[in-house]
Every structure is written in structure tokens, then in C-alpha cells.
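**Q**
There are 2 protein chains.
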Amino acid sequence: MATTTIKDVAREARVSVASVSRALNGGRGVTAETSQRIREAAARLRYMPHAAARMLITRRTNTIGALLPDLYGEFFSELIRGIDLAARARGLHLLVSSSHDDADAAAAALRAMQGRVDGLLLMSPHADAAFLHQNLPHDLPTVLMNTRLAGDGYCALSVDNDGGARLMVEHLLAGGHQRIVFIQGPPGNRDAGERELGYREALASHAPDSPVIMLRGDFGEESGYRAGHQVLAMRPRPDAVFAANDMMAIGCMAALREAGICMPEEIAVSGFDDVPMARYVTPPLTTIEVHIAELGSQAMELLGEQIDHPDQAVTGVHRRVAAKLVVRGSTSAAAR
Amino acid sequence: MATTTIKDVAREARVSVASVSRALNGGRGVTAETSQRIREAAARLRYMPHAAARMLITRRTNTIGALLPDLYGEFFSELIRGIDLAARARGLHLLVSSSHDDADAAAAALRAMQGRVDGLLLMSPHADAAFLHQNLPHDLPTVLMNTRLAGDGYCALSVDNDGGARLMVEHLLAGGHQRIVFIQGPPGNRDAGERELGYREALASHAPDSPVIMLRGDFGEESGYRAGHQVLAMRPRPDAVFAANDMMAIGCMAALREAGICMPEEIAVSGFDDVPMARYVTPPLTTIEVHIAELGSQAMELLGEQIDHPDQAVTGVHRRVAAKLVVRGSTSAAAR
DNA sequence: ACTCGACGTGAAAACGTTTACGTTGCCGCC
DNA sequence: GGCGGCAACGTAAACGTTTTCACGTCGAGT
């Protein structure tokens, strides 16, 4: 039925299949007029080359795979958007596989992608070195995103959590704040850990006299609320709060507001992520914006390079995508 | 290099390639012990069948394509999650292509998917009947999502905007509200139009004496804020606002709060979508929750059926995914 | 004028599978 | 004991491309 093959086009244009292939791909080794005739025939028959056959002989799928964890919210959406954009620009398709709960599921998903993709974008909490070595064909170009594995032969790319956190602390210090509380993320969470590290570093280098004050949290709004109460109970009272993410900052603000604390005058509050909600709370939340789409795009770029030039592959590099300070009313009365 | 083919396995297991294929796929027509030996050999060599070769001969890609508009926010993320989950359950891969701005780009993306997918999930503002007829191979199973095309030979699935809006109006009426303002979405937007329709229907059937009051909006928070001011100027003053989406409802609430209006006592406010922010504004926003992930899953299910049984394909059906009323403090003082 | 190279074109091999079709050997039945 | 049937297995064709190679043919250089 409808499946018109290259042979049909060849017959229609009164040439051999080889010429059709040449005319439609490179265009070299075939007269302009012949090429023209072939193109017309192809258009007339609505010919579309059979992708699988081409993959088989070419060894190129023109597809990249993205293996992602079970993500909620707009982080995922932004990431895919960035990846898709960069992939489209390179004429590559995108095969995604999200929500694999355990390491086995991830491994299965990874195996299933075998041979369907030219390269892999991998972001998974299960992706430790052993896992990779076990499940990754070592000749498949791969870029790791937000992984704890630096170097180790793989390309990696992640958000500059340290840098962002340092920016925030510097901003708070510049605002004259002395006692800055940090609300931690869930234990073991890499992003949270890096943000904490940035906080410590910035304090150590810019204000060695300022105390390091830690409160527990788990990225949930509730835990921020509880931390807020703890802040209220402290003596001397802190004059700034830096939460490891926006949701906790928002929870904390709720607690402070209930206690009648004036923000930012009495206590400044800041978060990390720049979730959409951040600009709508009162006062609007100062936070760190991370360009997630760019994380995706850059990872895709890196992967593209690796695919196009497998020989001079830049392995072991670990790039970071910049984080940006967004000042709003919760830390600066000046900021409208 | 490493690419081990079925021949290698055959040699290793001392059988023919046909037996390997049989053992690894159906398992029929081959002794248990031979099968065992073959499996062992395959495992030893880390054999993975070449996907492209299999597609070529089988005419099945085990992949479905999702063509999506340029979406922001968690709607997209939820949708993909739902699709991916259902696809995984059926052992299908997911090829996504988002962010195609104009009809040409969409058409190109669609053509490029040709032959790589067994079926298509399509959500696109450009997908009118002519577009589909022009660019869709008519033998490719397809499910349309959130489209204005009902019937017309295609399967379609969309959010029950009417139903949701009716639920909300009924809720407001039940709360004793008489003068309910509706804040419209952008002109031409399908979801917005259906929600408005639901509002009109519910009023007409349950409270024919209540006035139909419309205010313009564009789904943006700003437009909700402006609408809020208009509400304040109305005499007699409305006692409830139903915004076509949450962001406008939030904007409206800001305007009312500034004017010292007590919510929900003086004016109740409600939205549509149940964005994450909805539960964090004060008072928490009553809204309609639409299970986006389920939209994706159900679409995938429908498509799966169509693929598995192309003969008895259910074409022309138009299913709707339910919307759910979520009552919070902005319409009910009782709701904590 | 003859050779040589370049160029356009066609025939055929190759890619790795699945599957239709033979072939073999075994078992049971008359 | 021969024969039919069946199950296990092998051979080879087919899927639709790309690409290598060979074969002209034509133009230019000696």
C-alpha cells in the first residue's frame, strides 16, 4: 500500500535507486537536471525515506536519548525544552524516558535505548560509577547532568550551586546583615549540599566573624515554616535567612509574618531556584535563578560535539551553568 | 567494534541465527535446553538486538511520537509524565518534539517522525483538519489532545473544561452567592472559551435569575488585577469571582486585598487549574484541579488500543478527562 | 588521434534482523 | 518395517537504504 520506497521513485524518475539516494542526500555525483527530475518524482509520490533502513546501513539514528529521574514541576519541563531546542537545531530527535524509580528500572530503560540513540543525556540519582560501567556501552557518547561524578571519563554538566549560594551570601552581607541562618535541604541531596557549601565558603572568605548557623529542612514548605519558628526563638535573633530552596523560604516567611516580623527590615529572607511563585509572595522573594533550559541546551551541545567528533572527544570535563542573583523585596526594601 | 550481532551469538551457541531469534523472541520452536544455551551465550556476549534492523523487518518501531506545542510550566511536565508512564507500561518508547512555533515547523517535525513511530500523540494549535489531512499519513494511528477537532475520523481527548466550570459555579451558588463575575481568558483560546461556556450553562440551568457578568482577561496575573479593580467599582457589588485560570484569580485577589475586602466573606474568589501556588496564597484559592498526567495516560491508552487493533479502531470518539473541584479558603470560610 | 582523468550512472553488496520454507531426525502407528 | 507427521533446526529471502565498484562517455591534454 502507501509505503512508497526508493525503488518507486527510481522507476518514476527512470533512474537507478543509487541515483535517487545521491540526489536526495548529498546531491553530488548527479546532474542538476537529473536531480531535479528525481526530486519532482519524490515529491509527486510523497516519498519519505524509511528511517529504520537508513539507520541500519548508516549506523546513525539521528536521535539522542534523555534518561531522567522522576521529576515534578517545571524543572523537568524547562530541561526538556532546552534539550529539545538544541536537538532540533542539530536535526536530532529526542527520545525521553522519565520516571524510573529504582536502579533496576533505570538500567532497563537504559538498555532499551541501546541502538536507538547516537548519544545519551543522563540525569539519574542512581548513576554512580558502578552503575554506569555496568549499563553503559562505553562507546556511546554520554553527558551526565547534575551528577556527583566528576571526571571519571564522562562529560558532566551541572548547576553552579556553590556559586549561586556565594552570590546570595555576598548580597546579604552587602546589605549589612551579620547573622545569616542557612536552612538545609534533605540530607544526602547533592544540590542542597553544594548550596550549603557555598554558604560556608562565602561566610568564611567574606565575613569570618559572622556565625555559621544551620537549621534542618527537607525542601518542603512545612520544614521552612518550622525553621522560621526556630529562627524566632534564637537569641540574639538572626537578621537574615537563606533557605536552600524557595519553598522553604516561603514557609519561613509565613512563620515570620505570623509573628509580626517585618521583612526585610527586621529579617531578610532568601531562597534558591526562582520558582514562579517567588515573585508573588509578599514581599517578593529574593532568590537565585538557575537557567534550567540552558542546562539542557548546553548538555545537548556538549553531546553533539561528542557525537560529531568522537575522536577528539572532550571527556572528563565538568562544566557548570551559571546561577543568577534575583533581588526582590524580601531582602531589599529598595527593590520594588 | 563492540557491536555483537545475532551471528556472534549463533556461533557462540553453535546454532543458526534463526534459532537465536526464535529463542530470544517467541521461544517457540526451540528446545528448552537449546534456548537456555542461547540465552546464556547472549548474556555472555552482552548481546542487544539492533533496533533498526528489527524495525526494518518487523515494521514496528515500538515507539510513539508526541508532538507538543511550546509549553511552559508544569502542565507540560505532567503531561509527559502521564504519557511516559502509560507508554512504559506498554513497552513503548517516547519520541517527543515540543516547541514548534508555526505550522510549518510543526509540519516538518511531523514529517521527520515519519517511519520512526507506530503512533502519534498530537497537541498543537495548528492542527486543524486541513493541516492534518496534508501532513498526516492516514494510516498512522493518531490521538489528538485538547483539540477543537471532534470526530472527523480522529480520536480525541481533552480536559473537561465545561464540566469543571459548571462544578465551580454550582459550588458558588450553593454557598449562597448570587452575583458571580467571570473573568475571561484570551480571546480564541479554546480552554478559556469552554470554561466560559460552562459558566453560562450552569447559571442558565441553576440560577436563571443571576446575572451573567463578564470581564476581559488574558490568563495573565496583571489582567486579573485589573479585573479586580473593575469588580470593586461595580454596583451592586458582585459577591463572587470566577476567573478562567488561577493566575488571574490570584491577581484579582491582590486587588481585592488592597481594597480591604474580606475574602471569602465579602467576595469569594475562585480559579481554574490548581497551580501549585494556589494553596499558598492567602486565603488559599478554591479552584478546579485537572489531572493532566491522566490526560496523557489516557491518550496513550487510546493510542495503544488503536495500534494493537488497527482494524477495530475506535475513531471519531472524543473522550474527556474529568475535572475536580478543590474547595479552599477563598470561597469557604469553613474550609481550613 | 590516442590516452587519461573526471564524471554521471547503474549493479550489487552490505547492514542485522525476522520469517517462510526446507530438511532432518524422531516417534508412533498401521 | 515402512510411512506419515511433527518438532527442532538451518538456509535463504526479504526489509529499504547507502555506498563501493565498475562501466561507459566525454573533454582535454600530449
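If you read the protein sequences in the order shown, they are chains X and P. Counted from 1, the first sequence has number 239 at position 240 by numbering that gives the first Met the number 0; the numbering is strictly sequential. Counted from 1, the second sequence has number 56 at position 57 by numbering that gives the first Met the number 0; the numbering is strictly sequential. Ideal placement from N, C-alpha and C gives every residue a C-beta, glycine not left out.
In the DSSP assignment, what residue or residues form a beta bridge with M144 of chain X?
**A** In DSSP, M144 of chain X forms a bridge with X:L156.
**Q** Judging by CA-CA distance, which residue of X:A232, X:D272, X:S269 is the nearest neighbour of A258 of chain X?
**A** Nearest C-alpha to A258 of chain X: X:A232.
**Q** Could I get the ranges of all uninterrupted alpha helix (DSSP H) runs contained in the segment 36 to 105 of chain P, with 4 residues as the minimum, in chain order?
**A** If we require 4 residues or more, the alpha helix (DSSP H) runs fully inside the segment 36 to 105 of chain P come out as 50 to 57, 72 to 88.
**Q** If you follow the beta strand (DSSP E) that H290 of chain P is part of, which residue opens it and which one closes it?
**A** Run containing H290 of chain P: none; DSSP gives neither H nor E here.
**Q** Looking at the C-beta of L324 of chain P, does it have a partner C-beta in chain X at a distance below 9 Å?
**A** No - not a single Cβ of chain X is within 9 Å of the one on L324 of chain P.
**Q** Three or more C-beta pairs under 8 Å: does that hold for the segment 76 to 92 of chain P against the segment 295 to 302 of chain P?
**A** Yes, the segment 76 to 92 of chain P touches the segment 295 to 302 of chain P.
**Q** DSSP three-state call for R327 of chain P: helix, strand or coil?
**A** R327 of chain P: coil per DSSP, three-state reduction.
**Q** Flag this pair as yes or no: are the beta carbons of G192 of chain X and G184 of chain X separated by less than 9 Å?
**A** Result yes, Cβ atoms of G192 of chain X and G184 of chain X sit closer than 9 Å.
**Q** Does H92 of chain P come within less than 9 Å of chain X when only Cβ atoms are used?
**A** Answer yes: the Cβ-Cβ gap between H92 of chain P and chain X drops below 9 Å somewhere.
**Q** Measuring alpha carbon to alpha carbon, tell me which of X:A239, X:E32, X:F271 ends up nearest A164 of chain X.
**A** Of the listed residues, the one whose Cα sits closest to A164 of chain X is X:F271.
**Q** Name the chain P residues whose beta carbon is nearer than 7 Å to that of A52 of chain X?
**A** Result: L55.
**Q** In whole angstroms, what is the alpha-carbon distance linking R225 of chain P and A254 of chain P?
**A** Those two C-alpha atoms are separated by around 8 Å.
**Q** Residues of chain X with CB closer than 7 Å to the CB of F271 of chain P, please, in chain order.
**A** Under the 7 Å cutoff, chain X gives no residues; its nearest Cβ is about 17 Å from F271 of chain P.
**Q** Could you check where the alpha helix (DSSP H) with R194 of chain X kicks off and where it finishes?
**A** Start and end: 189 to 205.
**Q** Cβ of P186 of chain X less than 9 Å from any chain P Cβ?
**A** Taking Cβ atoms only, chain P never reaches closer than 9 Å to P186 of chain X, which makes this a no.
**Q** At least one CB of chain X closer than 9 Å to the CB of V19 of chain P: is that the case?
**A** With 9 Å as the cut-off, V19 of chain P does not count as an interface residue toward chain X.
**Q** Can you find a C-beta in chain X that's less than 9 Å from the C-beta of D69 of chain P?
**A** It does; some Cβ of chain X falls within 9 Å.
**Q** Taking Cβ positions only, does E73 of chain P come closer than 9 Å to chain X?
**A** Yes, its Cβ sits closer than 9 Å to a Cβ of chain X.
**Q** Are at least three pairs of beta-carbons, each pair with one atom in the segment 28 to 37 of chain P and one in the segment 6 to 20 of chain P, less than 8 Å apart?
**A** With a cut-off of 8 Å, the segment 6 to 20 of chain P and the segment 28 to 37 of chain P count as touching, because enough Cβ pairs lie within range.
**Q** Can you give me the C-alpha to C-alpha distance between V116 of chain X and A41 of chain P, rounded to a whole angstrom?
**A** Cα to Cα, the separation comes out at about 21 Å.
**Q** With DSSP as the reference, label F181 of chain P as helix, strand or coil.
**A** Strand.
**Q** Relative to the alpha-carbon of L66 of chain X, which residue among X:E32, X:R27, X:Q113 has its alpha-carbon at the smallest distance?
**A** The shortest Cα separation from L66 of chain X among X:E32, X:R27, X:Q113 belongs to X:Q113.
**Q** Does the segment 285 to 294 of chain P come within contact of the segment 60 to 78 of chain P, defined as at least 3 CB pairs closer than 8 Å?
**A** The segment 285 to 294 of chain P, when compared against the segment 60 to 78 of chain P, does touch it at the 8 Å Cβ threshold.
**Q** Do you know how far the Cα of A126 of chain P is from the Cα of S97 of chain P?
**A** Looking at the two C-alpha atoms, the distance is approximately 14 Å.
**Q** So L202 of chain P packs on I182 of chain P, CB below 8 Å; how close in whole Å?
**A** Not confirmed; about 15 Å, so no contact.
**Q** What number of angstroms, rounded off, separates the C-alpha of G315 of chain P from the C-alpha of L23 of chain P?
**A** Roughly 39 Å separates the two Cα atoms.
**Q** When DSSP labels each residue in this structure, what does D341 of chain P get in the three-state scheme?
**A** One cannot answer for residue 341 of chain P here, as it falls past the ends of chain P, which runs 0 to 335.
**Q** For Q305 of chain P, does the count of other Cβ atoms within 10 angstroms reach 16, so buried, or fall short, so exposed?
**A** Counting Cβ neighbours within 10 Å, Q305 of chain P comes out buried, since at least 16 surround it.
**Q** Can you list, in chain order, the residues of its chain with a C-beta nearer than 6 Å to that of V19 of chain P? Leave out the 5 residues immediately preceding and following it.
**A** So the list reads I5, V8, A9, I37, once near-sequence residues are dropped.
**Q** Comparing C-alpha positions only, which one of P:L70, P:D101, P:R89 sits nearest to V95 of chain P?
**A** Comparing Cα-Cα distances from V95 of chain P to each of P:L70, P:D101, P:R89, the minimum goes to P:L70.
**Q** Return helix, strand or coil for P218 of chain X, following the three-state DSSP convention.
**A** The sequence shown places Phe at residue 218 of chain X, not Pro. Note: F218 of chain X maps to coil in three-state DSSP.
**Q** Have a look at X:H205, X:A206, X:D217, X:L172 and flag the residue whose alpha-carbon is nearest the alpha-carbon of G187 of chain X.
**A** Of X:H205, X:A206, X:D217, X:L172, the residue nearest in Cα terms is X:D217.
**Q** How would you list, in chain order, the residues of chain P whose beta-carbon sits under 7 Å from the beta-carbon of S296 of chain X?
**A** The contacting residues do not exist; S296 of chain X stays about 12 Å from chain P at best.
**Q** Which word fits I179 of chain P, buried or exposed, when buried means at least 16 other C-beta atoms lie within 10 angstroms of its C-beta?
**A** By the neighbour-count rule (16 or more Cβ atoms within 10 Å), I179 of chain P is buried.
**Q** In the DSSP assignment, find the alpha helix (DSSP H) that holds V8 of chain X and state where it starts and stops.
**A** Element bounds for V8 of chain X: 5 to 12.
**Q** Does M0 of chain X have its Cβ less than 9 Å from a Cβ in chain P?
**A** Residue confidence is low: M0 of chain X scores 49 on pLDDT, short of 50, so the model does not pin down where it sits. No coordinate-derived value is stated.
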